[in-house]
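Taking it in order: structure first as C-alpha cells, then the write-up.
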Amino acid sequence: MSALAAPNEVVTRALLRQVNVPGLDRPAALITLDNGFDHTKPNSFGPGGLTSLDEAITAALAANPAFIAVTGKPYIFCVGADITSLPALENREQALEIGRLGHRVFARLKDSEVPTFAFVNGAAMGGGLELALHCHYRTLSAGAAALALPEVSLGLVPGWGGTQLLPNLIGIPAATQVILQNPLMQNKMLKPKQAAEMGIADVLLEPADFLERSLEWAAGVVSGTVTVTRPEVDKDMWAGVLYFARQTLDQRLHGAVPAAYKALDLLETAKDADFAAGTAAEDEALADLVFSEELRSGLYAFDLVQRRAKRPAGAPDKGLARPVTKVGIVGAGLMASQLALLFARRLQVPVVMTDLDQSRVDKGVGYVHTQIEKAVSKGRMDKGTAARLYSLVSGSVDKSVFADADFVIEAVFEDLTVKKQVWAELEKIVKPEAVLATNTSSLSITEMAADLEHPERVVGFHFFNPVAVLPLLEIVRGERTDDATLATAFAVGKQLKKSSVLVKDAPAFVVNRLLTRFLGTVFAAVDQGTPLDVANSALDPLGLPMRPLALLQLVGPAVAYHVGGTLHAAFPDRFGVSENLKRIADSGQPIVVDDQVNEDVAKLLVVGAQPLTAEQVRQNALDALAEEIRLMLDEGVVAEAQDIDLCMILGAGWPFHLGGVTPYLDRTGTSEGVTGRRFLPRGVASLR
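Residue numbering for the sequence shown follows my numbering, starting at 349 and increasing by one per position.
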C-alpha cells in the first residue's frame, strides 16, 4: 500500500452503522461514503478511500448482518477514481496496483454470501457506478444528477469491472452505448429513468424518502416478498454489435483515441472470459493508458471543464451584477427563439421578443411553445412548468415593450449597420441601467456601441448553435464596457448554466476565428487543386468530431463566407476569400451527403493545378492554428492558452484527447516549429 500512497488524497470514508429494518430478524449493515465535504466536492476513490471501504466491508461481515448496503452522502453516491492522483504514478507497476486494489475491494461485494445492495442516491460515475455494479442489487434515486462511465472521454477505460459487468447485465448494445458512444458524444450522461429502463438499476425510487424506501425494498428482497427478475442477455448479437462499433470508431476517430479501442477489446473479452481474466485484462489496459499522451491531455481538458470553466479568468466582482427581472430579445428567428426558451427556462422571468411584423413574431413564439409541448410529451417537463413558461414568453412588433427590461439581447442579421440601427433605436426606449447584449459572431462590440450615449452598457454575448446543447458563452468586453455590465453578463451566463469565457473585442473572437482560419486553410488547398475528398479526410488522424466539409456545411457556406470576409478585412495576409466557397453558397447544394463529397458541387469549382497531399493539408492546417493562437495570445484576446482550449472544447466540441488544441500542437512539435515555443509548460498536459 505504501507505493500507492496519495498524500493529497481527499479520503472518502466508508462509515458503517447498523440499521434495524422492519420485517428482518437482525440489523442490516449500511455503509455511507462521505469525504466530509458537501455535494460540490464529490466522493471519489483513491488508495485511502478504497482501504476505508475494505475495512468497512470486513466490519460489516463480522456483524453477520441481514444484508449490506452501500450509499452516499446527500446528492452524491461516488464519482469514481481520484483521477487527480494519476499523474503522480511513477511506473506501470503502480498503475497495475491501483487497478488490482479496486478490483479486490469491489469484488468482496460481488462474492459476498451476505446479500449486497447499492442504494444509488445521487451522482454515480466511473468507479462509483462500477462499485454499484458489483453489488447484487441496486436501487436508484430518480433525483440522481449524473450516471455514466465517462472514462473513454478522458483517455481511460472503465477499469474496475465496468467493461465486464455491464454488458453481462444489460446486454452488449446498451453497454456499448454507455461505455463508448456516450463518452464520445461530449460525455453524455444517463438520466435515472433511462438507466433503470436499461436494467442498470433494479428499481427507481423517489428522492424524498429514498433511503427509507430502499431499506424497505431490500428487506423485501431478503425476506422473499420482492422478486427481482432480469432479462437474459443475448450473446448471439455480441460479435455483430462490436463489429459495427469498431467500424463506427474507425470512421469517426481513425485510431486517434486508443482508449476507445481498448474498451472495445475489453467488451469483446467480457462475452466468454471468466471474471478474473476479464478484470486482469482491465488492469493491463489501465496500466497501458495511464502513461499515454492522450490521457494527460484528457485530464488537462477535464480540469478545464470542471474547474476553470467555473471560475472565469478576468471576470469582475460578482457583487457588481445588477438583478435581471425581465429580458428583451430583438428578433424572432430561430436563434432568437432558442434564446427566448433558454432565458425563460433558466431565469424564470418574463421574456419578450420583437420583430418587423406580426407573422415573424408569431412564428418565434410558436417555436417556443412547440418546444415546450415536445418536452412535456417526452416526459422531460411537467405541465405546471410548461404552463409557467407559456406565460413568461411573449412577442410584440412594438419595441416599447423593452422599456422595463433589465437585459436586452439582439439576434438580428449579422451586419454592423443593421445592429447599430437597432441599438440607436433601443437606447431611446430602455432604462439607463439596462444591459444591451449582442449575439454577434464576428463584429466589433466597440464599433457597434460607438455612437451610443451609453456605450459602457454594451457587451458581447455570443452563443453557439444549437443553443441548448453547446455550453460555451463568449462574453466580449468592448473598449468602453464597464464592470457592472460585464458582471451582469457573467451572472446571467451562470444562471443560463453556460460556461463563460471573457474575450477581448477582436474580430470573430475565439472559436469562429480559429475555425475560420482552420477551414480557410483546408479550402485554400481545394482552390489550389486538391480534390475535395482528399482535403476532407486530411484531418482524420486527429479524431475531430466532424470532418472539415461537414463542419462547413453545418456552419453554412454563406455564413462561413461572410465571417471569412470580416476576418479578411482585418487580417488580409492570413485570411483569404475563396470564390469557390461563394459558388457553393450560391448553389444552395450540400457539400457532403452521408459523409461523401457531393460530386455536383465539385463540378462547380474553379481550381488550380497544384494539389496537395493529405499530409500537407493537415500540416498546413495545424501550422495555421499554431500561428493564429500565438497571435491571439499576444493580442490578449484571452488570458491564457487554457482559455483557448476551453473555448474549443465547449464551443466547437473538440475532443478531450486533444486537450482542446494547444496540447496537441505542443506534443506534435507544431507549436515550437511555427512559433518557436510551446503553449503550455511541459507536464501540464503531457507526459514530459
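Ideal Cβ placement from N, Cα and C applies to all residues, glycine included.
For clarity, every value in this text was computed on a predicted model and none was experimentally measured.
Nearest-angstrom beta carbon gap, residue j and residue i [assumed within contact, 8 Å]
i: Arg931; j: Leu952; result: 5 Å
i: Leu637; j: Leu504; result: 5 Å
i: Leu672; j: Val840; result: Correcting the residue type first, residue 672 is Val in the shown sequence and not Leu. That pair is a contact at about 6 Å.
i: Phe454; j: Ala417; result: Not a contact, Cβ separation roughly 15 Å.
i: His387; j: Ile431; result: With a Cβ gap of about 19 Å, His387 and Ile431 do not count as contacting.
i: Leu1037; j: Leu513; result: Examination of residue 1037 is not possible in this model, given that the chain is present from 349 through 1036 alone.
i: Thr786; j: Gly808; result: 6 Å
i: Glu478; j: Pro506; result: 6 Å
i: Gly924; j: Ala872; result: 6 Å
i: Arg521; j: Ser501; result: Sequence inspection shows Pro at residue 521; the Arg mentioned does not correspond to that position. Wrong, their Cβ atoms sit about 20 Å apart, outside the cutoff.
i: Pro831; j: Pro664; result: Here the sequence assigns Asp to residue 831, which means Pro is not the residue at that position. Right, the Cβ-Cβ distance comes to about 4 Å (below 8 Å), so this counts as a contact.
Beta carbon of residue i nearer than 8 Å to that of residue j
i: Leu449; j: Leu398; result: yes
i: Arg966; j: Arg922; result: no
i: Glu642; j: Val605; result: yes
i: Thr627; j: Ala549; result: no
i: Thr511; j: Ala635; result: no
i: Gly428; j: Ser392; result: yes
i: Asn884; j: Val945; result: yes
i: Gln876; j: Val954; result: no
i: Arg374; j: Pro413; result: yes
i: Phe755; j: Val783; result: yes
i: Ser744; j: Gly712; result: no
i: Leu880; j: Leu892; result: no
i: Leu818; j: Gly679; result: no
i: Ser571; j: Leu740; result: no
i: Ala906; j: Ala950; result: no
Three-state secondary structure (DSSP) of residue i
i: His1005; result: helix
i: Val925; result: coil
i: Thr788; result: coil
i: Phe393; result: strand
i: Thr1018; result: helix
i: Ile757; result: strand
i: Ala957; result: coil
i: Phe365; result: A quick correction: the sequence has Arg, not Phe, at residue 365. Correct three-state label for Arg365: strand.
i: Asp752; result: coil
i: Ala351; result: Because Ala351 carries a pLDDT of 49, less than 50, the predicted location of this residue cannot be relied on, and the following value inherits that uncertainty. Ala351 falls in the helix class under three-state DSSP.
i: Lys930; result: helix
i: Phe857; result: coil
i: Leu818; result: coil
i: Leu495; result: strand
Straight-line gap, residue i to residue j (C-alpha atoms, nearest Å)
i: Val526; j: Ala493; result: 16 Å
i: Val358; j: Arg456; result: 23 Å
i: Ala688; j: Val699; result: 6 Å
i: Glu461; j: Thr573; result: 19 Å
i: Ala411; j: Ala376; result: 9 Å
i: Arg1040; j: Phe1027; result: As displayed, the chain neither begins before 349 nor continues past 1036, which places residue 1040 out of reach and without an answer.
i: Gly519; j: Phe592; result: 15 Å
i: Arg861; j: Gly667; result: 32 Å
i: Leu364; j: Gln595; result: 47 Å
i: Ile1079; j: Arg656; result: The shown model of the chain, from 349 to 1036, leaves out residue 1079, and the question about it has no answer.
i: Asn383; j: Ala362; result: 9 Å
i: Trp586; j: Glu499; result: 22 Å
i: Gln964; j: Leu887; result: 10 Å
i: Val806; j: Ser789; result: 15 Å
i: Pro422; j: Phe650; result: 24 Å
i: Gly476; j: Cys426; result: 4 Å
i: Arg659; j: Asp763; result: 33 Å
i: Ala625; j: Pro515; result: 15 Å
i: Ala407; j: Gly509; result: 24 Å
i: Met894; j: Gly1001; result: 9 Å
Same chain only: Cβ atoms within 7 Å of residue i, ignoring 5 sequence neighbours per side
i: Ser748; result: Ile777
i: Thr348; result: No information on residue 348 is available, as it lies outside the stretch 349 to 1036 that the chain covers here.
i: Ser792; result: Asp853
i: Glu781; result: Arg670
i: Arg978; result: Thr1023
i: Leu1013; result: Leu970, Leu973, Ala974, Ser1019, Phe1027
Other residues of its chain near residue i: CB distance less than 8 Å, five sequence neighbours each side excluded
i: Val986; result: Ala661, Val849, Leu850, Val851, Lys852, Val858, Met980, Ile992, Cys995
i: Leu844; result: Leu690, Phe691, Arg694, Leu695, Leu821
i: Leu444; result: Asp631, Glu632, Leu634, Ala635
Cβ neighbours of residue i in the same chain (closer than 6 Å, five flanking residues each side left out)
i: Gly603; result: none
i: Met729; result: Ala723
i: Ala1033; result: Arg644, Ser645, Tyr648, Gly1007, Pro1011
i: Gly676; result: Val700, Phe750, Ala753, Val756
i: Asp971; result: Val1022
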